[in-house]
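Participant: To start, I am sharing the structure in question, which I have written as structure tokens.
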Amino acid sequence: MNTPQKVPVSILTGFLGSGKTTLLNRILSEEHGKRIAVIENEYGEVGIDQALVIDADEEVFEMSNGCICCTVRGDLIRVLGNLMKRRDKFDYVLVETTGLADPGPVAQTFFMDDEIRAEFSLDGIVTLVDAAHIEQQLGRSDESTEQVAFADVLVLNKTDLVSDEALDRLEARLRDMNRMARVVRSERANVPVDTVLNLGAFDLDQVLERRPTFLEPEYPFEWTGVYALDTGRYELGLADGPDPAMSLVVVSGQGTDDAALRESAEWCVRRYAEPADLVRPGEKIPVGKHVNLPLDSPGRKSFFLEVDTPARVGLYTQHTAEEFDLQLTNAEGAPIGPEVERTWVAQHEHDDEVGSMAIELDGDVDPEKLNAWLGELLRERGVDIFRMKGFISIAGESRRFVFQGVHMLFDGQPDRPWGDSPRRNQLVFIGRNLDEQSMRQGFEACLS
1 MNTPQKVPVS ILTGFLGSGK TTLLNRILSE EHGKRIAVIE NEYGEVGIDQ
51 ALVIDADEEV FEMSNGCICC TVRGDLIRVL GNLMKRRDKF DYVLVETTGL
101 ADPGPVAQTF FMDDEIRAEF SLDGIVTLVD AAHIEQQLGR SDESTEQVAF
151 ADVLVLNKTD LVSDEALDRL EARLRDMNRM ARVVRSERAN VPVDTVLNLG
201 AFDLDQVLER RPTFLEPEYP FEWTGVYALD TGRYELGLAD GPDPAMSLVV
251 VSGQGTDDAA LRESAEWCVR RYAEPADLVR PGEKIPVGKH VNLPLDSPGR
301 KSFFLEVDTP ARVGLYTQHT AEEFDLQLTN AEGAPIGPEV ERTWVAQHEH
351 DDEVGSMAIE LDGDVDPEKL NAWLGELLRE RGVDIFRMKG FISIAGESRR
401 FVFQGVHMLF DGQPDRPWGD SPRRNQLVFI GRNLDEQSMR QGFEACLS
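Note that the working numbering has the sequence shown beginning at 1, numbered continuously upward.
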């Protein structure tokens, strides 16, 4: 009996505005004989990128929960698991990450989970580089550096915007950062498909040689305590801490050795990728669910666990127990300490100044007012606006207007007709210290 061949997966990454969606559309529009399933992640509450992907027979799956690096393994495992059930409909997978993602945790997914490793193989990591802006991005963003470092292929894009001398210097710098990657120059992401697909390029041994900690995953939780509990009701007390809430998952039947803890940790990764159930003070915490405990009012809060049969119970908490003076007590009020404690490599710290905002408004826009507003916005804040994209309903125009921008550069053009779709303006901005109220008011003033 022949063993089914693993499905190759390419990760398409690159900082905001580098041309990932342009390359994706190029791949989907060419005659390459592959049936491709696309998995996209977006940063922000309004999904734009999926609507920018051309109409094609390929299937597009979108994850819009924000940061693909923090919950990526749980999200990807869930989506890939659904894809396994439709194995006859595709033979290649493309994962397009948000421009603010470190591709390392994305790649880990294909080695850390047994089911995923059995069905899929990581073919390569393709990083698009914006030749016009990468110098300033490398100086301000750890993610852009990681994207270059992990690449099997570096697509040096937008070469028409930079002089030949500057391109040579930039390519030399990229090669110093990653001597293993192939560098391909392009305009508008126009590269042959065979330079980015079917690479067979990702070499785990080489990655481990360069980065021995690669298979030490980041987790969306920081601490585990394992408690031996008899049948009964227990109180979980939390004091004020550095966060107005605490997320956790309670695991019943928890083992205490390293293998058991890691197995449960991987199981909890999937739970943390699910929306959290809100459990208020005085309520019972369900077992096996991702829950959020609000701690935004002053004073110590109490939540409850009910144990039906004696068992070891593991608490997988977003923060360490010490930060919130976490205590578990029995019905008599006696404190119970954990048999085993374990801290994990927590997810990375985000740049609190970087965020996204979305504007969604019905109505038609006056193009002259829009041009004036955008011109002023880019002159004053263009350096801090990493990325902008969306659709605009122009007065008197039957087609939707698609625009994309990176820093001071802006590009827009009419797209397909609105047809029966509602004429709704949708804009997303990603950047540093965005003044949401002012920007929203500025766009509203452009309505005709």
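Using N, Cα and C, we set each Cβ at its ideal position, and we do this for glycine too.
Just so we're clear, the structure is a prediction, and the values are computed from it rather than from any experiment.
1. List in chain order: all unbroken beta strand (DSSP E) runs of 3+ residues lying wholly within the segment 223-304.
2. Are residue 300 and residue 238 close, meaning C-beta to C-beta below 8 Å?
3. Should residue 157 go down as buried or exposed, given a rule of 16 or more other Cβ atoms within 10 Å for buried?
4. Kindly list the residues whose CB is nearer than 8 Å to the CB of residue 30, restricted to its own chain and excluding five residues on each side of it in sequence; keep chain order.
5. Kindly indicate which residue of 19, 318 and 381 has the alpha-carbon position closest to the one of residue 189.
6. Taking C-alpha atoms, which residue in 82, 200 and 155 lies nearest to residue 90?
7. With distance defined between alpha-carbon atoms, name the residue in 103, 134, 418 and 131 nearest to residue 122.
8. So, for residue 116: in the same chain, excluding its five sequence neighbours on each side, which residues have a beta-carbon less than 7 Å away from its beta-carbon?
9. Verify whether the separation of the beta carbon atoms of residue 279 and residue 268 is less than 8 Å.
10. Taking DSSP's pairing of strands, which residues face residue 74 in a bridge?
11. What residues in its chain sit with their C-beta under 7 Å from that of residue 149, if we drop five residues either side in the sequence?
12. Indicate whether residue 183 and residue 154 have their beta-carbon atoms separated by less than 8 Å.
13. By the three-class DSSP mapping on this structure, what secondary structure does residue 169 have?
14. Whole angstroms are fine: how far does the CA of residue 136 sit from the CA of residue 320?
15. Under the DSSP definition of a beta bridge, which residues are partnered with residue 86?
16. Within the continuous alpha helix (DSSP H) that includes residue 24, where are the two ends?
17. Considering residue 144, what are the terminal residues of the beta strand (DSSP E) in which it resides?
18. Going by other Cβ atoms of all chains shown within 10 Å of its Cβ, with 16 needed for buried, is residue 164 buried or exposed?
19. Taking 8 Å as the threshold (C-beta atoms), are residue 443 and residue 373 in contact?
20. Helix, strand or coil: how does DSSP classify residue 110 here?
21. Buried or exposed: which applies to residue 389, given that a residue is buried once 16 or more other Cβ atoms fall within 10 Å of its Cβ?
22. Report the residue from 307, 198 and 249 whose alpha carbon sits nearest the alpha carbon of residue 228.
23. Sorted by chain position, which residues of the same chain lie with C-beta nearer than 7 Å to residue 376's C-beta, five sequence neighbours on each side aside?
24. Residue 84: buried (16+ other C-beta within 10 angstroms of its C-beta) or exposed?
25. Have a look at 35, 232 and 254 and flag the residue whose alpha-carbon is nearest the alpha-carbon of residue 332.
26. Rounded to whole angstroms, what is the Cα-Cα separation between residue 364 and residue 435?
27. Here's the rule: buried if 16 or more other CB atoms are within 10 angstroms of the residue's CB, otherwise exposed. What is residue 318?
28. In whole angstroms, what is the alpha-carbon distance linking residue 313 and residue 226?
29. Would you call residue 419 buried or exposed, if buried means 16 or more other Cβ atoms sit within 10 Å of its Cβ?
30. Quick check on residue 5: buried or exposed, where buried means 16 or more other Cβ atoms within 10 Å of its Cβ?
31. Are the CB atoms of residue 13 and residue 125 within a distance shorter than 8 Å?
32. Just the Cα atoms here: how many angstroms apart are residue 415 and residue 17?
33. Cβ atoms of residue 241 and residue 315: under 8 Å apart, would you say?
34. Hey, would you say residue 129 sits closer than 8 Å to residue 11, going by beta carbons?
35. Just to confirm, are residue 23 and residue 38 a CB contact at a threshold of 8 Å?
36. Can you tell me whether residue 433 is buried or exposed? The criterion is at least 16 other CB atoms within 10 Å of its CB, across all chains shown.
Facilitator: According to the data block:
1. When DSSP assignments are scanned along the segment 223-304, the uninterrupted stretches of beta strand (DSSP E) that are 3 or more residues long and fall wholly within it turn out to be 223-229, 232-238, 245-252 and 290-294.
2. Start at 1 with the first residue of the sequence shown, and residue 300 comes out as number 300. Start at 1 with the first residue of the sequence shown, and residue 238 comes out as number 238. Taking 8 Å as the Cβ cut-off, residue 300 and residue 238 qualify as a contacting pair.
3. In the sequence shown, counting from the first residue as 1, residue 157 sits at position 157. Under this definition residue 157 is a buried residue.
4. Residue 30 sits at position 30 when you count from the first residue of the sequence shown. Same-chain partners within the cutoff: 193.
5. Within the sequence shown, residue 189 is the residue found at index 189, counting from 1. Considering only alpha carbons, the answer is 19.
6. Within the sequence shown, the letter at position 90 stands for residue 90. Check the Cα spacing between residue 90 and each of 82, 200 and 155: the tightest is with 82.
7. In the sequence shown, counting from the first residue as 1, residue 122 sits at position 122. Closest in C-alpha terms to residue 122, from the list 103, 134, 418 and 131, comes 103.
8. Counting from 1 along the sequence shown, the entry for residue 116 is found at position 116. Cβ neighbours of residue 116 beyond the five flanking positions: 77, 80, 109 and 110.
9. Locating residue 279 in the sequence shown gives position 279, where the first residue counts as 1. Locating residue 268 in the sequence shown gives position 268, where the first residue counts as 1. Judged by beta-carbon spacing, residue 268 lies beyond the 8 Å limit of residue 279, meaning their Cβ atoms are not closer than that value.
10. On the sequence shown, residue 74 is found 74 positions in, with the first residue counted as 1. Bridge partners of residue 74: none, in fact.
11. If you number the sequence shown from 1, residue 149 lands on position 149. Only residues of its own chain outside the window of five on either side were considered, and among them 177 and 178 have a CB closer than 7 Å to the CB of residue 149, listed in chain order.
12. On the sequence shown, position 183 is the one that residue 183 refers to. On the sequence shown, position 154 is the one that residue 154 refers to. The beta carbons of residue 183 and residue 154 sit closer together than 8 Å.
13. One-based indexing of the sequence shown puts residue 169 at position 169. Residue 169 sits in a helix when the DSSP states are folded into three classes.
14. The residue given as residue 320 occupies position 320 in the sequence shown. The residue given as residue 136 occupies position 136 in the sequence shown. If I take the Cα positions, the gap works out to 36 Å.
15. Taking the sequence shown and counting its residues from 1, the one referred to as residue 86 is at position 86. Beta bridge pairing from DSSP links residue 86 with no other residue.
16. Sequence index remark: in the sequence shown, residue 24 carries index 24 (1-based). Counting along the chain, the alpha helix (DSSP H) containing residue 24 begins and ends at 20-29.
17. One-based indexing of the sequence shown puts residue 144 at position 144. No beta strand (DSSP E) holds residue 144; the alpha helix (DSSP H) holding it covers 142-149.
18. Within the sequence shown, residue 164 is the residue found at index 164, counting from 1. With fewer than 16 Cβ atoms within 10 Å of its Cβ, residue 164 is classed as exposed.
19. For this step, residue 373 is matched to residue 373 along the sequence shown. For this step, residue 443 is matched to residue 443 along the sequence shown. In contact: residue 373 and residue 443 (Cβ atoms closer than 8 Å).
20. Locating residue 110 in the sequence shown gives position 110, where the first residue counts as 1. It is helical.
21. Sequence index remark: in the sequence shown, residue 389 carries index 389 (1-based). Flag for residue 389 reads buried.
22. The count along the sequence shown starts at 1 and reaches residue 228 at position 228. In terms of Cα proximity to residue 228, the closest of 307, 198 and 249 is 307.
23. For the purposes of this step, residue 376 is identified with residue 376 of the sequence shown, where counting begins at 1. Result list for residue 376: empty, nothing under 7 Å.
24. What you label residue 84 is simply residue 84 of the sequence shown in a count that begins at 1. An exposed status is given to residue 84, since fewer than 16 other beta-carbon atoms sit within 10 Å of its beta-carbon.
25. The residue labelled residue 332 in the question sits at position 332 within the sequence shown. Closest in alpha carbon position to residue 332, among 35, 232 and 254, is 232.
26. As a working note, residue 364 is residue 364 in the sequence shown. As a working note, residue 435 is residue 435 in the sequence shown. Using only the alpha carbons, I get a separation of about 23 Å.
27. As a first step, residue 318 must be located in the sequence shown, where it is residue number 318. With 16 or more other Cβ atoms within 10 Å, it is buried.
28. Sequence index remark: in the sequence shown, residue 313 carries index 313 (1-based). Sequence index remark: in the sequence shown, residue 226 carries index 226 (1-based). Taking the CA atoms as reference points, residue 313 sits about 6 Å from residue 226.
29. Counting from one through the sequence shown, the residue named residue 419 turns up at place 419. The Cβ neighbour count for residue 419, taken over all protein chains shown within 10 Å, is under 16; the residue is labelled exposed.
30. As a working note, residue 5 is residue 5 in the sequence shown. Exposed, by the Cβ-count rule.
31. Position 125 of the sequence shown, counted from the first residue, corresponds to residue 125. Position 13 of the sequence shown, counted from the first residue, corresponds to residue 13. Going by C-beta atoms, residue 125 is nearer than 8 Å to residue 13.
32. Within the sequence shown, the letter at position 415 stands for residue 415. Within the sequence shown, the letter at position 17 stands for residue 17. Residue 415 and residue 17 have their C-alpha atoms spaced approximately 19 Å apart.
33. Translated into the one-based positions of the sequence shown, residue 315 becomes position 315. Translated into the one-based positions of the sequence shown, residue 241 becomes position 241. Contact annotation: residue 315 and residue 241 have beta-carbon atoms that are not nearer than 8 Å.
34. Start at 1 with the first residue of the sequence shown, and residue 129 comes out as number 129. Start at 1 with the first residue of the sequence shown, and residue 11 comes out as number 11. No, these two residues do not count as a Cβ contact at 8 Å.
35. By one-based count along the sequence shown, residue 23 stands at place 23. By one-based count along the sequence shown, residue 38 stands at place 38. Going by C-beta atoms, residue 23 is not nearer than 8 Å to residue 38.
36. One-based indexing of the sequence shown puts residue 433 at position 433. Counting Cβ neighbours within 10 Å, residue 433 comes out exposed, since fewer than 16 surround it.
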